[in-house]
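Q: Shown below is the structure under consideration.
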Amino acid sequence: MTNLLQYTVTGLAVGMIYALIALGFALIWKSSRVANLALGQLVLISSWFTYSMLVQARLPIWAGMIMTILFAIFLGWMIERFTLRPLIGQPILSLIAVTLGIGYFLEGVVTVVWPVSVAKLPPLFPQEAVTIGTAVISQEYLWAAGISLVLFGLLSLFFKFHKMGIAMRASADDQLAVQACAVPITSIFSMSWIFACVVAAIGGILISSIGGITNGLVETGFKSFSVVILGGLDSFIGCMVAGPIIGLCENVGAGYLTPILGPGIKDLIPFVIIIIVMMIKPYGLFGEERIERI
Amino acid sequence: MRKSKLPVSLAVLLLVALAVSMMPGCTPAAPAGQKVIKLGLSIPFTGAAAEKGAPIGQGQLDAIKYINDEKGGVEGYKIEPVWYDTAYDSAKATTIVKKLMDDGCSLFTVVASKDMTASKEAANRAAFPGMVCFSSPSLTHPPQHIYAQLPDYGDDWAAFARYYLQNIWKGEGKPRMALMLLSNSTGYGVRDAARAAAADLGIEIVATEEHTATTISETDALTRIKDKNPDVLFISSTPAPTAVILKNAYDLKMIPGITVGCAHASFTKALTDLAGKDVTEGIYGVYPTVNWGDDVPGMAKMMEYSKKYHPEYAGNNDYLIGWASSLINAEILRQAIKVSGAEAIAKGDAASWALVEKNGFMNVKNYDVEGLHGPVDFSNPVDKRGSKSVKIFKVQDGKMVSQTGWVDAPNILYENLDWFGK
Amino acid sequence: MSLPCGIRNYSYNTDTAIIRTKTQWVLFGLFLVLLFTMPLYLPRSGLDVMNLMGITIVSIVGLNILVGYCGQLSIGHAGFMAVGAYTTAILTGNLGLPFWASFILSGFSAGLVGLFFGMPSLRVKGFYLAITTIAAQFIIIWIINHWSDVTHGSMGISVAPANIGPFQFESEASQFYLIMSVAGLSVLFATNLARSRIGRAFVAVRDNDLAAEVMGINVFTYKLLAFFLGCFFAGIAGSLFAQWRGNITSEDFTFGQSILYIGILIIGGLGTAIGPILGVVFIRLLEQFVLFLSPLIEQTFSGLPSGFATGLGPLVFGLAMIVFLVIEPRGLAHRWQLFKASYRMWPFSY
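Residue numbers (the numbering used here), protein chains in the order written: chain A, -3 to 290; chain B, 4 to 425; chain C, 14 to 363.
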């Protein structure tokens, strides 16, 4: 059926965007076991900064991008240095709560610096739609999907082969052991937060070029929780696989279930998936399974 | 010793915060003896509704400045705005309305329908009269002490439906309409109105789809709608998701083609900014006020003040709504003072609230709001909507051009339908 | 145990007493007097804040049982409150049950829903469980929004104020007494629960569930019990909220609220008796302070950019949370213990 193709194409594209945001979450979890609840706000503030650069300061696109990446690096470093470093070794819940505080704080900063609450980025990608078979998809989504894949590739390679990447994985496993091996934990955390902020910034730019910059970017962060759960909290390939799966389930499932169950079922699907995954395969498709035996 | 100072200082801070927050009306007010009437304002300056709340709130405050400075207040009494930020949070909204009651406000205005839903029980129980800028059917039905400044989303739909039938629909029989709704009171207002009145008006609703405010793609919903072959699509949402919907519809080649109408929550400059000229060309929309820059008596002063104090909101129709709401409040107070005298009104207690309602609200008949939006009439005890008329606009070359004069939206008596909540 | 110097316990009764010394009794009595005479000197908005605090305390006490004592991280508490609130609304509104009946039933319904969503705790721990509760939150709200024939969706349901027999709790002051009594009883219940066999089992599960299993504690049963109890309290808090506010919609129980509750619990101090109270008082007062701050700043410094005053609210709030957690990650309860210790040892405290 022609609709199926359309649903599939849209689902895959949207799913890649979720996956991109989920990458940011997985990064921080993978290296420090902290759940970053401020992800949505990080996306928001990076998008606004991009807007500042491109629209208010009228920089050319490549310069604006570089400035945004620098800003994200700076932001990640600041967050780690001033809020997370003092909390090394504290119970994990305090760390989660502090990311909550960071989230509120960033929202406040956004309101103070950019009082207008909706804005549009200048078009970064060509606007015409592309036809695949009988399905239609806007080019922006394809670009977003492509960039997600590239990022995923880069990050996976980094974590697998680069010295710092290996150190990050080790510190997620056992912090004390890593410290005992004379690897500075603080720089590992810094790097992981910086990466996460950069990924969030890129994700933010992509999403806002599609839908504009609004406060809703924060909630898109929550949707990517389902991606992270399905894929496994500490697995990048899990994010990449789970993202399109969730996107597909959302669109195809909604496509066929809506006539039966009524409108709005699309929003429920990611969360029902979470519950199902929890019952069947709790650590996600690719997550590291913790096996405890007495 | 350093460590033990902290709990002491914390305790002191707590006590100070407790004392300060409990003191009612502790804003740096005019010295006692000066003639002021307090107007309570509950505005979502921050939070998810900030995109509309901030410009409306600033419009309200600037208009009060204008009334106080250039018109000498209301019958010689200055209006003192007592405002708080609800952050679009219901718990805060309830606390705020009670604070406004304690602060000695004579009446109050809430911007967002969600905040008013949170405040209405407290206000109704205490008979504290209030006006809401963006209404929804549950606020004014059954009618108590809450008044609506503008028609709600259900009214938008009904007015647009009538306009479409009379002016655009050229076929036989009933036109097929699809609804694209935001999954909160903005969208549900239209859903309920359609459920109540579509059959009577002569429209067939063939598809209803919902979406959230943070959606990034509605292609799937539009595909389903496209299958049903509608003649007209009505969207009730906020600017950002509406822009996404229109772009997706454009990609699917649904527009230009079928007629599209938008409810007033999304039909602002933000929409044309976000979606772009090509996508929005020929889109209809309903808006309860005139467009920024139209030639009406109140426009000049409003543009002057906005340029001086808040230039970032110039061109924003939400600022216009806020400005208009303060003008209406001033008119309500003026009518009340004419009958009861300013002393009684300025007291801000339960007696003055009753007087404000009986002699203020009920005496506002066909106030023209200096031409900024439809005439406001609060005198009907069963219809608590102030302005019942809207204008239909069409987007041409990125600008909203008005197509009609003031079109009346019929009053749908929801309380007579058994599926409607209390 | 932290007791003043020189107090010895010679019998089991004195050892387990919550209020041990005469000084503590006097202070407690004064506190009760202060609390219950508040309606006399606080304005209506002040009582309103106190009522909200009371309701939040009941809810956080429940969350403390679940998260603090049993270690099951749950970020869906607002959803369970919603279940309780809507149960009350439907039972008193449509079915006409008296308030006290629907109050108890709301607790049970929320507890049962919590039980259902707590089942994954058999297989997962820590943050994975938390994500399940987040999903629970969204699913519950979705159901409320879409089962509109029963719940009226986002238009909300009106709820009459509570009544015991013919006496209706109409005024803010009467609501105050009702809510404070329930809050006081809840705190008492939770404190005693923590000291009982069940409470000790919870703590064992939290600290090391494998060891607890080895010792013969049926971990799964106790985890489910913790979910039930925690959500029971959420349910009755939701019920109180519904009748206090008079009108509830699904938008009153957002995910943001759930996160806020976790924040309150952590700031107050996890797994302590007094933690919920301190956390709630601190955060609600901070909210009021911030609410009060914005218009004040706008009026005194009118030359600032327009977003400044309004953005200041969340900014100060977030900053306070961060600063607080960095300085005292174990919460206010820990600070309170330190304060008591330093007070007792003065002038030799360090």
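A virtual CB, placed ideally from N, CA and C, is assigned to each residue, including glycine.
Identify the residues that DSSP records as bridge partners of B:Leu185: which are they?
A: BP columns for B:Leu185 point to B:His214.
Q: Using 8 Å for Cβ pairs, my map puts C:Thr101 next to C:Val172. What's the rounded Cβ distance?
A: At roughly 7 Å, the Cβ-Cβ gap stays under 8 Å, so C:Thr101 and C:Val172 are in contact.
Q: Between C:Ala217 and the ligand NAP, is there a pair consisting of the residue's CB and a ligand heavy atom that are separated by less than 6 Å?
A: As presented, the structure is devoid of all ligands, the ligand NAP included, so that no description of it is given.
Q: Run through chain B and tell me which residues come within less than 7 Å of A:Tyr47, C-beta to C-beta.
A: Residues of chain B passing the Cβ test: none, with the nearest at roughly 12 Å.
Q: List the DSSP bridge partners of B:Gly43.
A: Beta-bridge pairing links B:Gly43 to B:Val85, B:Phe111.
Q: Should B:Asp106 go down as buried or exposed, given a rule of 16 or more other Cβ atoms within 10 Å for buried?
A: So B:Asp106 counts as buried.
Q: Using the rule of at least 16 other Cβ atoms within 10 Å of the residue's Cβ for burial, across every protein chain shown, is A:Ile272 buried or exposed?
A: Classification of A:Ile272: exposed, given that the 10 Å Cβ count is below 16.
Q: Does the segment 327 to 341 of chain B come close enough to the segment 130 to 150 of chain B that 3 or more CB-CB pairs lie under 8 Å?
A: Yes, the segment 130 to 150 of chain B is in contact with the segment 327 to 341 of chain B.
Q: Evaluate C:Gly344 with the Cβ neighbour count: other Cβ atoms within 10 Å of its Cβ, from every protein chain shown; 16 or more gives buried, anything less gives exposed.
A: So C:Gly344 ends up on the buried side.
Q: With C-beta atoms as the reference, is C:Leu108 less than 7 Å away from C:His90?
A: No, they are not a contact pair.
Q: Tell me, which residues are paired with C:Gly67 by DSSP?
A: DSSP, once it has assigned bridges, lists no residue as partnering C:Gly67.
Q: In the DSSP assignment, find the unbroken beta strand (DSSP E) run with B:Ser239 in it and report its ends.
A: Counting along the chain, the beta strand (DSSP E) containing B:Ser239 begins and ends at 235 to 239.
Q: How would you call A:His158, buried or exposed, if buried means at least 16 neighbouring beta carbons within 10 angstroms?
A: Looking at its Cβ environment, which holds fewer than 16 other Cβ atoms inside 10 Å, A:His158 is exposed.
Q: Can you give the Cα-Cα distance for B:Pro27 and B:Lys102, rounded to whole angstroms?
A: Confidence in B:Pro27 is poor, its pLDDT being 41 and thus under 50, which makes the residue's placement unreliable; the coordinate value appears in the next sentence. Each residue's alpha carbon lies about 7 Å from the other.
Q: What residues of chain B sit near A:Tyr3, judged by a beta carbon separation below 9 Å?
A: By Cβ distance, chain B contributes Thr222, Asp223, Thr226.
Q: One question on the structure: do C:Val163 and C:Ser122 come within less than 7 Å of each other, judged by their Cβ atoms?
A: No, these two residues do not count as a Cβ contact at 7 Å.
Q: How should B:Glu360 be labelled, buried or exposed, when 16 other C-beta atoms within 10 angstroms of its C-beta is the threshold for buried?
A: Result: buried.
Q: Along chain A, in chain order, which residues have C-beta atoms closer than 9 Å to that of B:Ile70?
A: What B:Ile70 touches in chain A: nothing, since even the nearest Cβ is about 24 Å away.
Q: Quick one: grab the DSSP three-state call for C:His347.
A: Helix at C:His347.
Q: Using only the alpha-carbon positions, how far apart do A:Leu0 and A:Gly11 sit?
A: Cα to Cα, the separation comes out at about 16 Å.
Q: Listed from N- to C-terminal order along the chain, which residues in the segment 153 to 185 of chain B have their beta-carbon within a distance smaller than 7 Å of any beta-carbon of chain A?
A: Listed in sequence order: no entries.
Q: Beta-carbon of B:Ala357 versus every beta-carbon of chain A: anything under 7 Å?
A: With 7 Å as the cut-off, B:Ala357 does not count as an interface residue toward chain A.
Q: Look up A:Glu284 in the DSSP assignment and say whether it is helix, strand or coil.
A: Coil at A:Glu284, not helix or strand.
Q: Here's the rule: buried if 16 or more other CB atoms are within 10 angstroms of the residue's CB, otherwise exposed. What is C:Cys18?
A: Classification of C:Cys18: exposed, given that the 10 Å Cβ count is below 16.
Q: So who's on the other strand from B:Lys394, going by DSSP bridges?
A: DSSP lists B:Tyr290 as partners of B:Lys394.
Q: Could you check if A:Ser42 is buried or exposed, using at least 16 other CB atoms within 10 Å of its CB as the buried criterion?
A: A:Ser42 comes out buried.
Q: In the segment 128 to 144 of chain C, which residues sit with their C-beta less than 9 Å from some C-beta in chain A, listed in chain order?
A: Hits within the stretch, in order: Phe130, Met132, Pro133, Arg136, Val137, Lys138, Gly139, Phe140, Tyr141, Leu142, Ala143, Ile144.
Q: Compute the Euclidean distance between the alpha carbons of B:Ala2 and B:Pro242, then round it to the nearest angstrom.
A: What is shown of chain B runs 4 to 425, which leaves residue 2 of chain B out entirely.
Q: Would you kindly work out how many angstroms separate the C-alpha atoms of B:Ala246 and B:Met403, rounded to a whole number?
A: Taking the straight line joining both Cα atoms gives about 15 Å.
Q: Cα separation between B:Ala90 and B:Pro154?
A: Approximately 23 Å, taken between the alpha carbons.
Q: Taking a Cβ distance cut-off of 8 Å, strictly less, list which residues of the segment 44 to 71 of chain C are near chain B, in chain order.
A: Of all residues in the segment 44 to 71 of chain C, Leu55, Pro56, Arg57, Ser58, Gly59, Asp61, Val62, Leu65 have a Cβ within less than 8 Å of some Cβ in chain B.
Q: For the segment 201 to 209 of chain A against the segment 243 to 262 of chain B, are there 3 or more C-beta pairs whose distance is under 8 Å?
A: Contact holds: three or more Cβ-Cβ distances are below 8 Å.
Q: Consult DSSP for B:Asp411 and reduce its assignment to one of helix, strand or coil.
A: If DSSP states are grouped into helix, strand and coil, B:Asp411 belongs with the strands.
Q: Where are the beta strand (DSSP E) runs, 3 residues long or more, that stay fully inside the segment 256 to 343 of chain B, in chain order?
A: Runs of the beta strand (DSSP E) inside the segment 256 to 343 of chain B: 262 to 265, 287 to 290.
Q: Assign A:Ile279 to one of three DSSP states: helix, strand, or coil.
A: The amino acid at residue 279 of chain A is misidentified as Ile; the sequence shows Tyr. Three-state DSSP puts A:Tyr279 in coil, outside helix and strand.
Q: Taking a cut of 9 Å between CB atoms, which residues from the segment 328 to 360 of chain C lie near chain A?
A: From the segment 328 to 360 of chain C, only Leu328, Val329, Phe330, Gly331, Leu332, Ala333, Met334, Ile335, Val336, Phe337, Leu338, Val339, Ile340, Pro342, Arg343, Gly344 have a Cβ closer than 9 Å to chain A.
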